[in-house]
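Structure record follows, encoded as structure tokens.
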Amino acid sequence: MKPPQFEYLAPASMAEALGFLKEHGEQAKLLAGGQSLVPLMNFRLVRPGYLVDLNGIAELAWIREEDGHLSIGAMTRQRAVERSSVVRERCPLLAEAMPLIGHFQIRNRGTIGGSLAHADPAAELPAVVAALRGDLVARGPKGERKIPVGRFFKGYLTTDLSPDEMLVGVRVPIAPPRMGSAFLEVSRRHGDFALVGVAALLTVDGGGVCTHASIALTGVGPVPVVAEQAAMAVVGVKPTPAAFEEAGKRVSAALSPDSDIHASAEYRKHVGGVLTRRALARAFDRARGETR
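Using the numbering used here, the first residue of the sequence shown is number 5, and each one after it goes up by one.
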């Protein structure tokens, strides 16, 4: 299958890329890894008049620590993030989720920014950034702006980015001491999109009392679902299996997923609760240093 005719543009800098977006507006599409955009074009589901290839812009790829955050450039390959010792040490939740994204051939080309900007409701990265309360960094004609993750995802394949803006990076807090995290998902086969996925993290004090918890789910709505009320079931107490069970029940009760050819709404609600319980228990063990 072949895409409709388009004009190929290869900027060498962010400024040049932004100039193309300003000039061509909604007729232009940004090409990062191409793992989602190219199939959509081949199926004639999107028909850009101009394809702006970001692969020649070296300044968009980085992994670095700054101001207590882990910062990752939008064109950083997923495989580079997966293999980064800095990511494993500073953001274990992200490191754990990376191998679940497709297969390694996909991650060799796929980018962090491409996945987040595509905003697939079953993707792992949006849920990870939501659980971490991260920020997305965009750049446009008016300069750079930092978008909290809660405002970035607007709906199915829809974000807060305007047609003349591009995502340039993501920032997530560096994991503090005694924080544990876990990412679990259910899919039909390894490499498939998750039917349901859960990103969970919690922090304990010296006495083992949970001082902070966060839960975000993928595959159960048009955007990542942050389960704040469920997380409160383990905050302020020494977490127990009963507390994890209560958090799972709260997640199942609060979810309103759709049914589709892959799974029913009832199945997704049930699995969301089960994975929440398991992810919190694993995160708690890791916070106490009992398991990797």
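Cβ atoms here follow ideal geometry from the backbone N, Cα and C, with glycine treated the same way. No experiment lies behind these values; they were computed from the predicted model shown.
Presumed contact (8 Å Cβ cut-off) between residue i and residue j, rounded CB distance
{"i": "Leu98", "j": "Val85", "result": "7 Å"}
{"i": "Leu206", "j": "Cys214", "result": "5 Å"}
{"i": "Ile178", "j": "Gly72", "result": "6 Å"}
Proximity to residue i [Cα-Cα], best of the options
{"i": "Val278", "options": "Ala234, Gly240, Gly211", "result": "Ala234"}
{"i": "Ala19", "options": "Lys146, Leu41, Ala287, Ile67", "result": "Lys146"}
{"i": "Arg193", "options": "Gly53, Leu25, Phe47, His107", "result": "His107"}
{"i": "Leu284", "options": "His274, Ser166, Val239, Ile265", "result": "Val239"}
{"i": "Gln9", "options": "Pro15, Phe47, Leu64", "result": "Phe47"}
{"i": "Val132", "options": "Tyr54, Gly223, Val255, Glu148", "result": "Gly223"}
{"i": "Asp196", "options": "Met183, Ala121, Leu259, Ala126", "result": "Ala126"}
{"i": "Val227", "options": "Gly212, Met183, Leu120", "result": "Leu120"}
{"i": "Arg281", "options": "Ala203, Gly212, Gly211, Arg292", "result": "Ala203"}
{"i": "Leu129", "options": "Leu165, Val176, Arg149", "result": "Val176"}
{"i": "Gly252", "options": "Tyr160, Glu232, Ala16, Ile110", "result": "Glu232"}
{"i": "Arg143", "options": "Ser260, Ala258, Ser88, Ser17", "result": "Ser17"}
{"i": "Pro180", "options": "Ser256, Asp262, Arg292, Arg113", "result": "Arg292"}
Buried or exposed by the 16-neighbour rule on C-beta atoms within 10 Å, applied to residue i
{"i": "Asp139", "result": "buried"}
{"i": "Ile151", "result": "buried"}
{"i": "Leu49", "result": "exposed"}
{"i": "Asp168", "result": "buried"}
{"i": "Arg155", "result": "exposed"}
{"i": "Ser268", "result": "exposed"}
{"i": "Met5", "result": "exposed"}
{"i": "Pro96", "result": "buried"}
{"i": "Arg51", "result": "exposed"}
{"i": "Val241", "result": "exposed"}
{"i": "Ser40", "result": "buried"}
{"i": "Glu189", "result": "buried"}
{"i": "Pro245", "result": "exposed"}
9 Å Cβ cutoff met for residue i and residue j
{"i": "Ala123", "j": "Thr80", "result": "no"}
{"i": "Ser218", "j": "Arg137", "result": "yes"}
{"i": "Ala78", "j": "Gly118", "result": "yes"}
{"i": "Gly299", "j": "Phe187", "result": "The question about residue 299 has no answer here: the residues shown for the chain are numbered 5 through 296."}
{"i": "Ala198", "j": "Leu55", "result": "no"}
{"i": "Phe157", "j": "Val208", "result": "no"}
{"i": "Thr115", "j": "Ala14", "result": "no"}
{"i": "Ala21", "j": "Leu44", "result": "no"}
{"i": "Glu69", "j": "Arg92", "result": "no"}
{"i": "Gln31", "j": "Gly53", "result": "yes"}
{"i": "Val230", "j": "Ala134", "result": "yes"}
{"i": "Leu25", "j": "Met236", "result": "no"}
{"i": "Ser185", "j": "Glu100", "result": "yes"}
{"i": "Arg111", "j": "Arg83", "result": "yes"}
At 4 residues or longer, and completely inside the region 106 to 150: list those alpha helix (DSSP H) runs for me, N to C. 108 to 113, 116 to 122, 128 to 135
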